[in-house]
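Here's the structure we're looking at; comments come further down.
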Amino acid sequence: MTGALSPSHWLIILVVLLLLFGAKRLPDAARGIGRSLRIFKAETSALANDDKDAPKEAAKEPAAVEPAPVNGAPVRTTNGTTV
Numbered sequence: 001m002t003g004a005l006s007p008s009h010w011l012i013i014l015v016v017l018l019l020l021f022g023a024k025r026l027p028d029a030a031r032g033i034g035r036s037l038r039i040f041k042a043e044t045s046a047l048a049n050d051d052k053d054a055p056k057e058a059a060k061e062p063a064a065v066e067p068a069p070v071n072g073a074p075v076r077t078t079n080g081t082t083v
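Have a look at this one:
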């Protein structure tokens with residue numbers, strides 16, 4: 001078994017699709033699948049372009065971040081001392 005579909009397999013798939021969707025709804029279903037695939041392809045190419053632009057943005061020097069001030073309240077330990 002090579003994994004490829006033979007013409008008889010495609011014929012069976014076509015008959016099952018015709019039975020499921022009917023002859024009138026099958027072109028609409030195929031059109032919807034085509035639109036979905038076009039949208040998917042456009043989005044994946046946009047993501048690939050975003051990944052190519054990411055190293056340019058990463059090369060910029062990051063802004064300095066100041067540490068947050070520590071305002072701790074005094075805490076009493078179990079032996080009565082204050083820390």
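Each residue of the sequence shown is one higher than the last, beginning at 1 in UniProt numbering. Quick reminder that beta carbons are idealized off the backbone N, C-alpha and C, glycines included.
Measuring from the CB of residue i, is there a heavy atom of the ligand SAM at a distance below 7 Å?
i   : result
I12 : Summarising the ligand content, the structure contains no ligands, and the ligand SAM is consequently not present.
Identify the residues that DSSP records as bridge partners of residue i: which are they?
i   : result
R76 : T82
Please determine, among the options, the residue with the shortest C-alpha to C-alpha distance to residue i.
i   : options               : result
L17 : P7, A30, P67 and A46  : A30
L26 : L14, S36, L37 and R35 : L14
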